[in-house]
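The block underneath contains the structure these notes are about, expressed in structure tokens.
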Amino acid sequence: MAEIAIVMGSDSDWRIMEQANSVVMEFGFDAEIEVLSAHRTPEKMLDWAKNASNQGIKVIIAGAGGAAHLPGMIASMTSLPVIGVPVSLGNLNGMDSLLSIVQMPAGVPVATVSIDGAKNAGLLALRILAIAAPELGAKLDAYRASIAEQVEQKNQNLKKSL
Numbered sequence: 001m002a003e004i005a006i007v008m009g010s011d012s013d014w015r016i017m018e019q020a021n022s023v024v025m026e027f028g029f030d031a032e033i034e035v036l037s038a039h040r041t042p043e044k045m046l047d048w049a050k051n052a053s054n055q056g057i058k059v060i061i062a063g064a065g066g067a068a069h070l071p072g073m074i075a076s077m078t079s080l081p082v083i084g085v086p087v088s089l090g091n092l093n094g095m096d097s098l099l100s101i102v103q104m105p106a107g108v109p110v111a112t113v114s115i116d117g118a119k120n121a122g123l124l125a126l127r128i129l130a131i132a133a134p135e136l137g138a139k140l141d142a143y144r145a146s147i148a149e150q151v152e153q154k155n156q157n158l159k160k161s162l
């Protein structure tokens with residue numbers, strides 16, 4: 001049973017949302033993957049959101065482009081944490097998606113990452129789960145240390161090349 005769900009408004013969003021799935025899998029978790037459209041399949045989306053916690057889901061990552069109502073509509077139907085990923089489309093470079101997700105009314109929170117920031121959404125979902133799983137927290141600490149080492153190595157490499 002998956003504790004993390006990755007949902008998107010269209011299968012074309014997978015090009016971005018697969019980054020969340022990759023990082024979740026890197027830490028040993030499977031995610032439930034769904035295409036649920038707030039506009040084209042609203043009843044299915046609402047039913048799924050209402051029942052997500054009964055299915056063992058603990059965190060939802062919802063990506064959408066354009067009007068990007070999916071994260072907010074899901075958040076309106078569940079008490080689970082929802083992380084919104086604004087997906088860039090051709091016309092407005094994702095600004096429409098970002099504003100649609102981040103400007104939620106009081107009472108319906110959606111944590112929002114950067115445009116096309118699905119990797120960070122996956123990491124944020126893992127951090128939420130780590131609250132109750134110290135071993136996951138330790139893995140995330142090791143991950144942060146490894147990326148700090150990578151930056152230091154890049155710094156040293158740059159200095160050597162100058």
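Counting along the sequence shown from 1, when you hit position 109 you're at 109 in the numbering used here, and nothing is skipped either side.
Heads up, the beta-carbon is just placed ideally off N, CA and C, and yes, glycines get one too.
- request: Compare the C-alpha of R15 against each of P109, V35, G56 and name the closest.
  value: As a working note, residue 15 is residue 15 in the sequence shown. Among P109, V35, G56, the Cα nearest to that of R15 is on V35.
message: Would V59 and L89 qualify as a contact pair, given that the criterion is a beta-carbon distance under 8 Å?
response: Taking the first residue of the sequence shown as 1, we reach residue 59 at position 59. Taking the first residue of the sequence shown as 1, we reach residue 89 at position 89. No, Cβ-Cβ distance for V59 and L89 is not below 8 Å.
task: Taking only the alpha-carbon atoms, compute the straight-line gap between T78 and A142 and give it to the nearest angstrom.
output: The residue you call residue 78 lines up with position 78 of the sequence shown. The residue you call residue 142 lines up with position 142 of the sequence shown. Distance between the alpha carbons of T78 and A142 is about 32 Å.
task: Less than 8 Å between the CB atoms is what I'm expecting for A38 and G9, so what's the real figure, rounded?
output: Here residue 38 refers to the residue found at position 38 of the sequence shown. Here residue 9 refers to the residue found at position 9 of the sequence shown. Indeed, because the Cβ distance is near 7 Å, the residues count as touching under 8 Å.
message: Just verifying my parser: in three-state terms, what is the DSSP assignment at V85?
response: Taking the sequence shown and counting its residues from 1, the one referred to as residue 85 is at position 85. V85: strand per DSSP, three-state reduction.
task: Identify every residue that forms a DSSP beta bridge with A64.
output: Along the sequence shown, read from residue 1 onward, the residue named residue 64 stands at position 64. P86.
task: Please list, in chain order, all residues of the same chain as A130 whose beta carbon is under 6 Å from its beta carbon, the five residues on each side excluded.
output: If you number the sequence shown from 1, residue 130 lands on position 130. So the list reads L136, G137, L140, once near-sequence residues are dropped.
field: A171 vs V82 beta-carbon contact at 8 Å
entry: For residue 171 there is no data in the structure shown, the boundaries of the chain being 1 and 162.
message: For G164 and V23, which I take to be in contact (beta-carbon distance under 8 Å), what is that distance rounded to the nearest angstrom?
response: No answer is possible for residue 164: it lies beyond the span of the chain, which begins at 1 and ends at 162.
- prompt: In angstroms, rounded to a whole number, what distance separates the CA positions of E26 and E32?
  reply: Stepping through the sequence shown from its first residue, residue 26 is reached at position 26. Stepping through the sequence shown from its first residue, residue 32 is reached at position 32. Roughly 15 Å separates the two Cα atoms.
task: Within the region 83–148, note down every full alpha helix (DSSP H) run reaching 4 residues or more, in order along the chain.
output: 95–102, 118–130
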